[in-house]
Amino acid sequence: MTLALQATAVVALLYFAALNAIYLVFTGIAWRGVTHHLRARAYSGEDEAFASPLTPPISILLPAYNEATGIVESIRSLLTLRYPEIEIVVVNDGSTDETMRTLVEAFDLVRIRKALRDAVPTKPLRSAYVSRRHPELLVLDKENGGKADALNMGLSAAQYPYVCAIDADTMLEEDALMRVAKPILDDPSVVAAAGGIVRIANGCRVDHGRVVEVGLPRSPLATLQVVEYFRAFLVGRMGWSRLRSLLIISGAFGLFRRSLVEAVGGWRTDTVGEDVELVVRLHRYLRDRGEEYRIEFVPDPVCWTEAPEDLRTLGGQRRRWQRGLAETLWRHRGLFMRPRYGVLGCFGFPYFVIFELCGPLIELVGFPVTIYAYATGRLSLPFLIGFFVVSLLLGVLLSVAALALEEFSFRRHSSTRDVVRLLVFSVAENVGYRQLNDVWRLLAFVDLARRRRTWGAQQRRGIGVRS
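The sequence shown begins at 2 in the working numbering and counts up by one.
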């Protein structure tokens, strides 16, 4: 028993040391990467790309289930995108609310006959519509089959070589599509997919599908998520992108080469983490074929989304994310420590297994075991205090560094009061909020044991409604 406790305490100490060291390195990579990206953007030639007939058209896929409160604003934001040629494919996945009626009335839809490719099997199509006012808007009404099934129907309907998958409760900024496509425009034969940053719209003012004033939500829980997203995207995904080991492109905003998505069988319908699973499957498919490729994160194309403002909804979201990650890591366990998969197999995949999948257990068990080791005389008081202080300060340092990277690079928050509030929450999220996230992530294993497959419901106020 004594040896087990000592071993647990040592594992916890090594875990915290390794995790913080990795994130410190990633923070340095992110600062360098974002700085280089912003310098290069001044010479990116976006105007030339917009005018060029060689810029590939893009099909935007928007799956929707019971999204009547926010889907009109989301589509309006897509209709204002600055991109040479797009089509918007909205897939109503058997909604039971007023989603379909809202779409018909808002966009003057008329029924048409639509032929679909048989790229990926899906639930049956009930009817198809186009907008009289916006001919680039196509709406498909299908039987309910889940988000992945709806995306697959959109994939089969898409006519363009690249597909951009977004969520129905999101809005893209006017230049977001052009910027997320930039890596593909620069190197179309190599870049297989790209993702942008997701920002929280709670507290922002929205007018006709565009965020016209960036603000913070009044809800402390939503504000904590603002800080969390800065760290996850600007530091985490930037770091993994630079190491060619990006495993996650958010389902809220990702651009993919359509032929590759079709080649690997589309989005899987038997997982709640269809976004991460698709990216890992693309990595594996391209590595197995020995093809040169890149999957990239771009830090400035912005997708605005509505964040949960109550603990029950947020907890359900985090449990679902962890379930999806666990299902994906298990399904693709053959990548683990396999040199043929390069940095992805020998570092990226093990990191997600150890720190993202098993991390909540180590963190929640490690702290009490360390305290117990002190209480039984196996750790000195100075060491115990030093351990907790260093852990807290490093967590705060990483959060503040992510916030500083955001403010120095993009300056989205013009209000000094908002910046100060974000700074306070960068400190506060390390005490209580992260531990609560660990509890939710552990509960995901209970869901897995019970074979839970449902997504759960989110109480939406409607994107752009100030909270």
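Heads up, the beta-carbon is just placed ideally off N, CA and C, and yes, glycines get one too.
This one's a predicted model, so the numbers in the text were calculated from it and none came from an experiment.
Helix, strand or coil for Ser242 per DSSP? Taking the sequence shown and counting its residues from 1, the one referred to as residue 242 is at position 241. It is helical.
Top-ranked residue by Cα proximity to Tyr342, from His284, Leu326, Thr371: The residue given as residue 342 occupies position 341 in the sequence shown. Taking the Cα of Tyr342 as reference, the smallest distance to any Cα among His284, Leu326, Thr371 is reached at His284.
First and last residue of the alpha helix (DSSP H) that includes Glu49? Counted from its first residue, the sequence shown places residue 49 at position 48. Note, Glu49: alpha helix (DSSP H), 47–52.
Work out the CA separation of Val121 and Glu1 for me, nearest whole Å. As displayed, the chain neither begins before 2 nor continues past 468, which places residue 1 out of reach and without an answer.
I think Ile469 touches Ala194, with their Cβ atoms under 8 Å apart; what is that distance to the nearest whole Å? Lying before the first or after the last residue shown, residue 469 is absent from the chain, which here runs from 2 to 468.
Does DSSP classify Tyr16 as helix, strand or coil? Walking along the sequence shown from the start, residue 16 turns up at place 15. Residue state, collapsed to three classes: helix.
Can you tell me which of Ala18, Ile61, Leu14 puts its alpha carbon nearest to the alpha carbon of Ser157? For this step, residue 157 is matched to residue 156 along the sequence shown. Among Ala18, Ile61, Leu14, the Cα nearest to that of Ser157 belongs to Ile61.
Tell me which residues share the same chain as Ala31 and place their Cβ nearer than 7 Å to its Cβ, disregarding the 5 neighbours each side in the sequence. Your numbering for residue 31 matches position 30 in the sequence shown. In chain order, Leu235, Val236, Met239, Gly240, Leu406 place their CB closer than 7 Å to the CB of Ala31, counting only its own chain and leaving out the 5 sequence neighbours on each side.
If you follow the alpha helix (DSSP H) that Asp276 is in, where does it begin and where does it stop? The residue you call residue 276 lines up with position 275 of the sequence shown. Asp276 -> alpha helix (DSSP H) spans 275–289.
Grab me the residues of Ile201's own chain with a C-beta within less than 8 Å of its C-beta, minus the 5 sequence neighbours each way, in chain order. Along the sequence shown, one-based indexing puts residue 201 at 200. Pro218, Ala223, Gln226, Val227, Tyr230, Trp305, Thr306, Glu307, Ala308, listed in sequence order.
Give me, in chain order, the residues of the same chain whose beta-carbon lies closer than 7 Å to that of Val192; leave out the 5 immediate sequence neighbours on both sides. Numbered from 1 along the sequence shown, position 191 holds the residue referred to as residue 192. The answer, listed in chain order, is Pro184, Ile185, Arg295, Glu297.
7 Å Cβ cutoff met for Arg112 and Tyr130: As a position in the sequence shown, residue 112 is number 111, starting the count at 1. As a position in the sequence shown, residue 130 is number 129, starting the count at 1. Yes, the Cβ-Cβ distance between Arg112 and Tyr130 is below 7 Å.
Going by DSSP, what residues sit across from Met477 in a beta bridge? Absent from the model: residue 477. The displayed extent of the chain is 2 to 468, so no value can be given.
According to DSSP, residues forming a beta bridge with Glu88: In the sequence shown, residue 88 corresponds to position 87, counting from 1. According to DSSP, Glu88 bridges with Ser60.
Hey, Ala13 and Ile363: beta-carbon distance below 7 Å or not? Within the sequence shown, the letter at position 12 stands for residue 13. Within the sequence shown, the letter at position 362 stands for residue 363. In this structure, Ile363 lies closer than 7 Å to Ala13 by Cβ.
Could you name the residues of the same chain whose beta carbon sits closer than 8 Å to that of Ser53, not counting the 5 residues immediately before and after it, in chain order? Indexing the sequence shown from 1 puts residue 53 at position 52. Once the five neighbours on either side are set aside, the close Cβ partners of Ser53 are Pro85.
Let me know the beta strand (DSSP E) ranges lying completely inside the segment 143–217, each 3 residues or longer, listed in chain order. Listed in chain order, the beta strand (DSSP E) elements of length 3 or more contained wholly in the segment 143–217 are 163–167, 171–173, 192–201, 206–208, 211–214.
What would DSSP say about Glu229, mapped onto helix, strand or coil? Mapped onto the sequence shown, residue 229 falls at position 228. The three-state secondary structure of Glu229, taken from DSSP, is helix.
Cβ shell of Ala450 (< 6 Å), same chain only, five flanking positions each side left out: Counted from its first residue, the sequence shown places residue 450 at position 449. Once the five neighbours on either side are set aside, Ala450 has no close Cβ partner at all.
CB-CB length for Asp109 against Ala69, believed under 8 Å: Counting from one through the sequence shown, the residue named residue 109 turns up at place 108. Counting from one through the sequence shown, the residue named residue 69 turns up at place 68. With a beta-carbon spacing of about 17 Å, Asp109 and Ala69 fall beyond the 8 Å limit used to define contacts.
Please classify Ile386: is it buried, with 16 or more other beta-carbons within 10 angstroms of its beta-carbon, or exposed? Here residue 386 refers to the residue found at position 385 when the sequence shown is read from its first residue. Under the 10 Å beta carbon count, Ile386 is surrounded by fewer than 16 other beta carbons and is classified as exposed.
Hey, Ala107 and Thr171 are a contact pair by Cβ (cut 8 Å); roughly how many whole angstroms apart? For the purposes of this step, residue 107 is taken as residue 106 along the sequence shown, with counting starting at 1. For the purposes of this step, residue 171 is taken as residue 170 along the sequence shown, with counting starting at 1. So it is not a contact: roughly 17 Å between Cβ atoms.
Are at least three pairs of beta-carbons, each pair with one atom in the segment 259–274 and one in the segment 327–335, less than 8 Å apart? In this structure the segment 259–274 touches the segment 327–335; the number of beta carbon pairs closer than 8 Å is three or more.
Along the alpha helix (DSSP H) that carries Tyr66, what are the first and last residues, could you check? Position 65 of the sequence shown, counting from 1, holds the residue named residue 66. Neither: Tyr66 is in no alpha helix (DSSP H) and is coded neither H nor E.
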